[in-house]
Every structure is written in structure tokens, then in C-alpha cells.
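Undergrad:
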Amino acid sequence: MYKTHTCGEINEDHLGQTVVLAGWVNRRRDHGGVTFIDLRDRFGIVQIVANPEICPDVHKALSVVRSEWVIQVEGIVQKRPEGMANPHLSTGKIEVSVKHVNILNPSKTPPIYINKEEDADENIRLKYRYLDLRRERMRKNLILRHNVVKFIRDYLDERGFLEIETPILFKTTPEGARDYLVPSRVHPGEFYALPQSPQQLKQLLMVAGIERYFQIARCFRDEDQRGDRQPEFTQLDLEMSFVEREDIIQLAEDLFTQLVNKIVPEKKLFASPWPRFTYTEVMNRFGKDNPDIRFGLELVDISELVEKCGFKVFENIIADGGNVRGINAKGLGNYSRKQIEELTEYAREFGAKGLAYLAITTDGKEKSSFAKFLTPELVEKIKTRMNACPGDMLLFIAGEKDFVLESLGRLREHLGSILKLRNKDTLAFCWVVDFPFVTWNKDENRWDPSHHLFTSPMPEDIPLLDIDPGKARGQQYDLVLNGHEVGGGSIRIHDRHLQEKVFELIGLDMGVARERFGHMLEAFEYGTPPHGGIAPGIDRICMILAGEPNIREVIAFPKNQSARDVMVNAPSPAEPAQLEELHIKIIDNK
RNA sequence: GGGGACGUAGUGUAGUGGUUUAACAUGCGGCCCUGUCAAGGCCGAGAUCGCGGGUUCGAAUCCCGUCGUCCCCGCCA
Numbered sequence: 038m039y040k041t042h043t044c045g046e047i048n049e050d051h052l053g054q055t056v057v058l059a060g061w062v063n064r065r066r067d068h069g070g071v072t073f074i075d076l077r078d079r080f081g082i083v084q085i086v087a088n089p090e091i092c093p094d095v096h097k098a099l100s101v102v103r104s105e106w107v108i109q110v111e112g113i114v115q116k117r118p119e120g121m122a123n124p125h126l127s128t129g130k131i132e133v134s135v136k137h138v139n140i141l142n143p144s145k146t147p148p149i150y151i152n153k154e155e156d157a158d159e160n161i162r163l164k165y166r167y168l169d170l171r172r173e174r175m176r177k178n179l180i181l182r183h184n185v186v187k188f189i190r191d192y193l194d195e196r197g198f199l200e201i202e203t204p205i206l207f208k209t210t211p212e213g214a215r216d217y218l219v220p221s222r223v224h225p226g227e228f229y230a231l232p233q234s235p236q237q238l239k240q241l242l243m244v245a246g247i248e249r250y251f252q253i254a255r256c257f258r259d260e261d262q263r264g265d266r267q268p269e270f271t272q273l274d275l276e277m278s279f280v281e282r283e284d285i286i287q288l289a290e291d292l293f294t295q296l297v298n299k300i301v302p303e304k305k306l307f308a309s310p311w312p313r314f315t316y317t318e319v320m321n322r323f324g325k326d327n328p329d330i331r332f333g334l335e336l337v338d339i340s341e342l343v344e345k346c347g348f349k350v351f352e353n354i355i356a357d358g359g360n361v362r363g364i365n366a367k368g369l370g371n372y373s374r375k376q377i378e379e380l381t382e383y384a385r386e387f388g389a390k391g392l393a394y395l396a397i398t399t400d401g402k403e404k405s406s407f408a409k410f411l412t413p414e415l416v417e418k419i420k421t422r423m424n425a426c427p428g429d430m431l432l433f434i435a436g437e438k439d440f441v442l443e444s445l446g447r448l449r450e451h452l453g454s455i456l457k458l459r460n461k462d463t464l465a466f467c468w469v470v471d472f473p474f475v476t477w478n479k480d481e482n483r484w485d486p487s488h489h490l491f492t493s494p495m496p497e498d499i500p501l502l503d504i505d506p507g508k509a510r511g512q513q514y515d516l517v518l519n520g521h522e523v524g525g526g527s528i529r530i531h532d533r534h535l536q537e538k539v540f541e542l543i544g545l546d547m548g549v550a551r552e553r554f555g556h557m558l559e560a561f562e563y564g565t566p567p568h569g570g571i572a573p574g575i576d577r578i579c580m581i582l583a584g585e586p587n588i589r590e591v592i593a594f595p596k597n598q599s600a601r602d603v604m605v606n607a608p609s610p611a612e613p614a615q616l617e618e619l620h621i622k623i624i625d626n627k
């Protein structure tokens, strides 16, 4: 070993000892005489000191050293002089007086600052990711992620789960997200697909009698990026046999509650046990199936209050079966016309025709865009319904119900940001249950599964599949944290006939279904236990636990917005010979 | 596929009503300095203002195009 101790572990217990350390020069302070170097390794920083009167050779050797050089030093741990301790360093009471120096590797001036929390251009950070990862922020995030995964493995191991790997080279399933395809050399014109999730495989492990399975599974989806989406990401994939919805929910809730307590004790759970909402309820209250419940600003239906108010816009929409709903934007009552216009503009981006408002200024006066239709009685009714106080701003959107909910939901999120209502130290987990089993796809004129093809409907709703599929609920549950969907799961179908019925319902031709999912149908005929599971997203959860705004910050080597790895420059063209072996011809679309 | 923001020394920013010899900080180089910890002081080098074209006497600044990055919509069973 190049070192006897890590930089971070040296303390007063080592006083007088000779230690050998190795690491990076975090910072150098040259006083002409005495020179200090903050030596950094993964475990921390320790100050090393060279005095020309004591060791002139060492002092000279260290004078050429610069930031990020890798050096090895041998020296004696000594107490710092009175009043010279640094309370910001765990090693701040001591320093290492250097006797020998060995320069292991010099460094060019780095393109980004390692020793500063200055936000560098993301493109440069990604290009020099190995330097970016040296930074405190990234190091902490990697450690957090390790701790999260370690906790999960230990927790599940203690409860009898087996961690089992499943193939990365799998089979294409055009349902769902776009697949990443891998051409087969051996079978011309045929392709593997990278798994979007190990869904089918984990179910087949249940057929195999594993009963309790998990995997820290890499998943691949060829869709466009977002702040919380990467083309490859990691799920805690988990499946159990002989369980009902409640069992999985309890397990996941306990797992993550304990995980938070142990790994991020400084964070506070918003509520425990976690709130549970039905799909209908979250949509009505928050306008979003993954609501951030750290703040209120819930949506309120005032349709029946205004259906005969005389305001034609509202009246006509309600007469056509639409809705008028609002949000009480607490504390915005004194917003100027211009500021309201900005909110309106925001709502328009999502298709709202307009934004009606009723402001109650702090001195109790009312201002409204539809004032002339408002009788004092109606104003009182609306204020009561929406719990309005002086200083509040009531905002309304009218239109078709789903549209009103969605656009108000977005406005609510926006207001949450404007009003700074998201406490970053609060973790608001919640469950969303009772999703519709299928949703109508207007474009394709068919039913689509709300979750995935293997989700079981609620047993009592099975008869509805024949009569009114839109009314049936699925045994699906989503795990939501601070406004992000961080996991979803379901009780699965374990009966061939029900599975075929579902295929039929969503318009999957039986021949196609057998070709794509024949292995599942067949497996269900050999003693399949009832089973279900969940798949929490590790990256998103780590992102939120770390307080990071983007999923890239918790992934060592992420792709950029356009799905490119700018460090190695992937994807990149393949050699003609490779393509030929794979029976692939590139078509120039330009 | 669509919308928005951005692109100026190694890095982070300023300058955008047309005259700048492109500013500041930090980093880098040199000198001074024996107790700092974002050390300090002095001096210096470092930018064809993303790229291409146009308007103009004159463009970092205005116009068009293009490339790149980020955010959002669509998409994400």
C-alpha cells in the first residue's frame, strides 16, 4: 500500500506517530517559508506542513506541486499550535509534518474546479466526469447511493429475498416504451432488446418457486430525456409470491421508512404511515397522479356555485358538461395585473383559454376578472368553499374536466415553486391506488393498460371488463415522493385465461400475443402462485434524498439530454466490417 | 417532432441603446512573504466573443442560418 492511513481518519489518537499518506493536492498555501498543503483522498482532507528550516528538501519538493497533483508523503502527526485548529475539518486539530515526499503524478490545470462548489458548465463536467466525480458534491452522492443500495440489500436479505440477475439481452416488446435493439450476428435480421424492466423474468421466477426475489436492475428505455429520466436507469426490482396488495405496500413502506431513518436522518418524513390516495382522489385534489403533497393549494370544484352566475363563459362550459375549478394561491392577493398576466400566460402554455381570478387584497378588498357577475353572496360562497382569507388569490380554470384538472395541477406545481412551498428537508411519500385498469386511447381507438399488460384487475371488477372496461380498477399502486413517481407495482395476473382476456381487451391479436408472450401464457399453466411486486427507481430516490435537481447528479457516468455520453462520445459509428457481420446496412435519410 | 433559455480567456461571470485597447473574479506564470486553511501583496501571460453568412464606415452587440448545452411539451406499458 502507498499509505498507512487515509487522510480523513487522522486525529489526535495518532499524535507522534509516523504515517504515510497519499492523495491529491486539494489546495496549497505557500508563505514563502512554511508551506501548507491540504491533502485530499476519498475519506477526507488533512493539512500537511513543510518547514524549510526543518526539512529544506521537502519544502523545495513541495514548492512545485499544484492542485490535483497526486503525491505520497511520510510525516509525523503533530498537534497544531494553540489557536490554529480548524473547526471545519475533522482533522483540524492536527497536521502532518512532512519528512519525505514522493510525487506520484503531476496534473495539468484542471478544466473545472475540484475544490470549489462552483457550478461548471454541464458539458465540461460530463466530458471530464472523472474530475467532476472528485468533487465533494459528487463524492457524497456516490456514497449516498452506495448506502441506499447496501441498506436495501441487507434489508431484503434479512427477510429471505434472493438477489437474482436476469438477462440484459432480452426480447423486444413493442408495448410500452421504445426498445433499445441489439442485432444478432448469429441470426441475420433478428434482434435482442435491452429490458425496459425485468418484468416478465421476475414473474417467471415466481413461477419457478423463488417466492421472494429482488434485483438492483438496470433498465433501458429509448425515450427522450428529462431531469428525472435517463435512457438507462436502475430499479429495485422486487417480486413476491402469495401476497396481496397490502403486503407489498407494507414491505415497501417499511423498507423506505427505515432506510430514510438510517441513511438520511436529517430528513423528515412528511407523514407516517404514508398517506394513501385513490387515483380519482389525487386527480381531483392535485390534478396530477404524482402530486407533491408537501404543500396544499388543493384544487376546488366550484362548478355548481357558478353554473347560473350569469358569466357566460362559465355557464356555457358547465352546460357542455365541463367544470370550473380553482386554487387558492395563498398570499398572492396583492399580485399586480402584470403578475396575474404571467400566471395566465403560464396556464396558456398548457392550453388553458384563460385564467379567471378573484383576489382578496390584504386590506380585504376584492378584485376580480369576472367581478360584474359576482353577487356579494356568491363571492362569500366561493370564499368559504375555498377557505379564502385577506391576502389570498383565487385562480380559476374552466373547461372539460380532465383538462381543467391537468392544467390546474400544473399551475399548482408552478405556484408551489413561486411561493417556495417545497421544504427540501421533507420527504413526502404517498401511495396512489385504485388506478383505472385501462384507459381509452383516442388516437388508436382502443384500450391501453394503465400500468402494464400483466397487472391484475381488482377481482370484484373482473366482470366489468366485459361491460364497461373503463370503470374497472387495477391492482396497481404507485409510490410517489415529493412530486415524482418513484415506483410502481401491482398484483399480477397468474391465470392464463384472465391474461388472454386482458390481451384481447387491449386489442392484442391472439397470434401476436402468443408469439410475444406465449412463454408467459404457457408458464401460467404450470402451477403459478399468486404474486405481485414493485419497482422503486433507485436514481430518482437517490436524487431526492440527495436534494439534487437532476438525476444525472446521482449517476456516475450519465448520458446528456440528447442521450449521448460526451466523455467517451457514444453512440459512435461502427466499422463497416462490424456492420457487415451484423447484417446491417446504414440508410442515409438525408 | 415542437417551445423556451443559454453559448465571451482554463473556469465562473460582466459588457448587448453600434466606436472596447473586450472588463471582473478565480485559476495559471513570476517575484515578495514563517502559521495559513477560499492565506495575503505586487507584476504578468491568457479570448480570432460557438460556427457560417448578411446589414453597416464600423458588429461580442442587429438580422438570417447552423451547431452545441440545459429546461419543458409530445413521448416515457
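Residue numbers (my numbering): 38 to 627. Backbone N, C-alpha and C fix where the C-beta goes; we use that ideal spot for every residue, glycine too.
Is the beta carbon of E562 less than 8 Å from the beta carbon of R222?
TA: Not closer than 8 Å, so no.
Undergrad: My understanding is that W311 touches C467, with C-beta atoms under 8 Å, so please give their C-beta distance in whole angstroms.
TA: The pair is a contact, with the Cβ atoms about 5 Å apart (cut-off 8 Å).
Undergrad: I'd like to know whether the C-beta atoms of L242 and E202 end up nearer to each other than 8 Å.
TA: Going by C-beta atoms, L242 is not nearer than 8 Å to E202.
Undergrad: Given a cut-off of 8 Å on the beta-carbon distance, is the pair I286 and Y514 in contact?
TA: Closer than 8 Å, so yes.
Undergrad: Decide yes or no for the touch test of the region 78-89 against the region 120-132: beta carbon pairs closer than 8 Å, at least 3 of them.
TA: Flag = yes, the region 78-89 and the region 120-132 touch.
Undergrad: Within 10 Å of its beta-carbon, does F594 have 16 or more other beta-carbons around it, so buried, or fewer, so exposed?
TA: Per the 10 Å Cβ criterion, exposed.
Undergrad: Apart from the five residues just before and just after V301, which ones in its own chain have a Cβ nearer than 6 Å to its Cβ?
TA: L582.
Undergrad: Under three-state DSSP, which class holds C256?
TA: Looking at C256 - three-state DSSP - the assignment turns out to be strand.
Undergrad: Whose C-beta lies closer than 7 Å to the C-beta of V297 among residues of the same chain, with five residues either side of it excluded?
TA: Cβ neighbours of V297 beyond the five flanking positions: K304, L306 and L464.
Undergrad: Going by beta carbon distance, what residues of the same chain come within less than 6 Å of R171, once the five residues before and after it are set aside?
TA: Answer for R171: I151, listed in chain order.
Undergrad: Buried or exposed for N178, please, with buried defined as at least 16 other CB atoms from any protein chain shown within 10 angstroms of its CB.
TA: The residue in question, N178, is buried, as its Cβ has 16 or more Cβ neighbours within 10 Å.
Undergrad: Based on DSSP bridge pairs, tell me the residues matched to F433.
TA: Answer is G363 and A393.
Undergrad: Hey, how far is the Cα of G453 from the Cα of L490?
TA: If I take the Cα positions, the gap works out to 35 Å.
Undergrad: With distance defined between alpha-carbon atoms, name the residue in D94, V107, V57 and F80 nearest to R64.
TA: Closest by alpha carbon: V107.
Undergrad: Compute the distance between the beta-carbons of I578 and L518, then report whether it is under 8 Å.
TA: It is a contact, given that the beta carbons lie within the stated cut-off.
Undergrad: Identify whether S278 lies in helix, strand or coil by the three-state DSSP scheme.
TA: Strand.
Undergrad: From the DSSP output, in three-state form, read off G213 for me.
TA: Looking at G213 - three-state DSSP - the assignment turns out to be coil, as it is neither helix nor strand.
Undergrad: Is G226 near H620, with beta carbons less than 8 Å apart?
TA: Against a cut-off of 8 Å, the Cβ pair of H620 and G226 comes out as a contact.
Undergrad: Considering only the beta carbon of each residue, do L112 and V56 sit closer than 8 Å?
TA: Looking at the sequence itself, residue 112 is Gly, so the reference to Leu does not match. In contact: G112 and V56 (Cβ atoms closer than 8 Å).
Undergrad: DSSP has D78 in a bridge; who is on the other side?
TA: In DSSP, D78 forms a bridge with G81.
Undergrad: Name the DSSP bridge partner or partners of F228?
TA: According to DSSP, which records beta bridges pairwise, F228 is partnered with P220.
Undergrad: With a threshold of 16 other CB atoms inside 10 Å of the CB of P148, please say whether the residue is buried or exposed.
TA: Its Cβ having fewer than 16 others within 10 Å, P148 is exposed.
Undergrad: If you drop the 5 nearest sequence neighbours on each side, which residues of the same chain put their C-beta closer than 8 Å to that of E450?
TA: Closer than 8 Å at Cβ, skipping near neighbours: K325, D329 and G520.
Undergrad: Answer yes or no: do G574 and G524 have a C-beta to C-beta separation smaller than 8 Å?
TA: Against a cut-off of 8 Å, the Cβ pair of G524 and G574 comes out as a contact.
Undergrad: From which residue to which residue does the alpha helix (DSSP H) around R533 run?
TA: First-last of the alpha helix (DSSP H) with R533: R533 to L542.
Undergrad: Where DSSP assigns a beta bridge to F270, which residues make up the other side?
TA: F270 pairs with C256.
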